[in-house]
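Under my numbering, think of the first position of the sequence shown as 3, with each following residue one higher. Even glycine gets a Cβ: it sits at the ideal position worked out from N, Cα and C.
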Amino acid sequence: MSAPTLDRPAAPDEVALQAQFDATIAADHRIEPRDWMPEAYRKGLIRQIAQHAHSEIIGMQPEGDWLLAAPSLRRKAILLAKVQDEAGHGMYLYSAAETLGADRADLTDKLIERKQKYSSIFNYPTQTYADVGVIGWLVDGAAICNQVPLCRSSYGPYARAMIRVCKEESFHQRQGFELLMTMMGGTGAQRAMVQDAVDRWWWPSLMMFGPPDDDSPNSAQSMKWGVKRHSNDELRQRFVDMTVPQAAVLGVTLPDPELALDPETGRYRFGAIDWDEFKQVLAGKGPCNDERIARRRAARDDNAWVTEAATAYADKHAS
Ligand SMILES: [Fe+2]
Ligand SMILES: [Fe+2]
């Protein structure tokens, strides 16, 4: 059953199916893989879920760079668990995309060919071990703000995947904060390292919520369909409001002289985001875009034999 297109009018049964879909969305019930759905809804979801999955997978790289250099066995175990969680998040999400008819290998190819995007944040380098803490605190913190509302997304498999993902993101955020608290209680050099990492990651973290609402082409439709529940700017504001008091507890300064509590709204005002930088990074010109994609390509190519062997094994058992 396919959705009507511009050059082909809807058949009567499609009108009824569309009405049923609209009623499900209006009642805030879930759309499941067996249900009819408009083609644009399916394609939009595949785009969003694939982008999310790619971000989890590429997101393993900046922190993975520190696995061999973690300063203690405890830190290594925590970081290893966190990076493995991100791999798991990618797998849940690719599975959710498969329920919409997408092919996992095809999605990976599209990522490597740069036909699909991933979060711009992972194109920045991790320069010191403090970056691991700051990624947990700010990047996973921003991910939580973005993803908690997705637990109520209209597409069932996506919403359910998000419930477990969010629980794990919450562990990631806390391990980052705990690492930073430990460093802030250390030497002057360690405190300086944390502040330097905060200075580098603060603005890219705010960019994680995507372009401002008046420049976000997919947002309105996504909100109408109940996939997205809050606008980019609203989520960004929530993140700032949540994070500023945490920065005070840590004893770090957020690199924005305009950051101030608005006594009327009780929310924090903040300075202008450099959207040119965001667009540059998204266009592939960030500090690490080429490295991230090259490594993902090598992982696909070097490990192709594993996929082939596993597929052959599964085929043999199926016959
Ligand atoms: Fe994740
Ligand atoms: Fe995470």
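Beta-carbon separation (whole angstroms), residue i vs residue j, contact threshold 8 Å
i, j, result
"ILE114", "ARG302", "6 Å"
"TYR131", "TRP68", "6 Å"
"GLN175", "ASP133", "Contact doesn't hold; Cβ gap of about 15 Å is too wide."
"ALA99", "ALA42", "At roughly 16 Å, the Cβ-Cβ gap does not stay under 8 Å, so ALA99 and ALA42 are not in contact."
"VAL167", "TYR96", "In fact, because the Cβ distance is near 13 Å, the residues do not count as touching under 8 Å."
"ASP30", "GLY228", "7 Å"
"GLY178", "GLY138", "2 Å"
"GLU171", "GLN149", "6 Å"
"LEU102", "ARG44", "5 Å"
"GLY66", "GLN223", "Actually they are not in contact, since the Cβ atoms of GLY66 and GLN223 sit about 35 Å apart, beyond 8 Å."
"TRP205", "ILE275", "7 Å"
"LEU140", "THR245", "7 Å"
"LEU256", "CYS147", "Wrong, their Cβ atoms sit about 16 Å apart, outside the cutoff."
"MET209", "LEU252", "Incorrect: roughly 21 Å between the Cβ atoms, too far for contact."
Chain-order list of residues whose beta-carbon lies under 7 Å from that of residue i (same chain, five-residue window excluded)
i, result
"GLY188", "none"
"PHE272", "VAL242, ASP258, GLU260, LEU261"
"ARG299", "ILE114"
"PRO73", "TYR131"
"GLY212", "SER218, ASN234"
"ALA249", "LEU256"
"PRO214", "ASN234, ASP235"
Same chain, Cβ closer than 8 Å to residue i, neighbours up to 5 away in sequence not counted
i, result
"ARG297", "GLN63"
"ARG32", "THR26, SER156, TYR157, GLY158, ALA161"
6 Å CB neighbourhood of residue i in its chain, flanking five on each side removed
i, result
"VAL283", "SER122, ASN125"
Mind the definition here: the segment 30-37 touches the segment 149-161 only if three or more C-beta pairs lie below 8 Å; say whether that holds. yes
Pair every Cβ in the segment 257-265 with every Cβ in the segment 215-232, then say whether three or more of these pairs are closer than 8 Å. no
Tell me whether the segment 14-32 and the segment 80-90 touch, counting them as touching only if at least three CB pairs, one residue from each stretch, are closer than 8 Å. no
So does the segment 116-125 actually touch the segment 59-66, counting three or more Cβ pairs closer than 8 Å? Note that the segment 116-125 touches the segment 59-66; at least 3 beta-carbon pairs, one per stretch, sit closer than 8 Å.
Entirely within the segment 86-146 and at least 4 residues each: give me those alpha helix (DSSP H) ranges in chain order. 106-114, 131-136
Check whether the segment 267-276 touches the segment 189-199, counting contact only when three or more Cβ pairs, one atom from each stretch, lie closer than 8 Å. no
For ligand 2, residues whose Cβ lies under 5 Å from any non-hydrogen atom: ASP142, GLU171, HIS174
Closer than 5 Å between the C-beta and any heavy atom of ligand 1: which residues qualify, listed along the chain? GLU58, GLU88, HIS91
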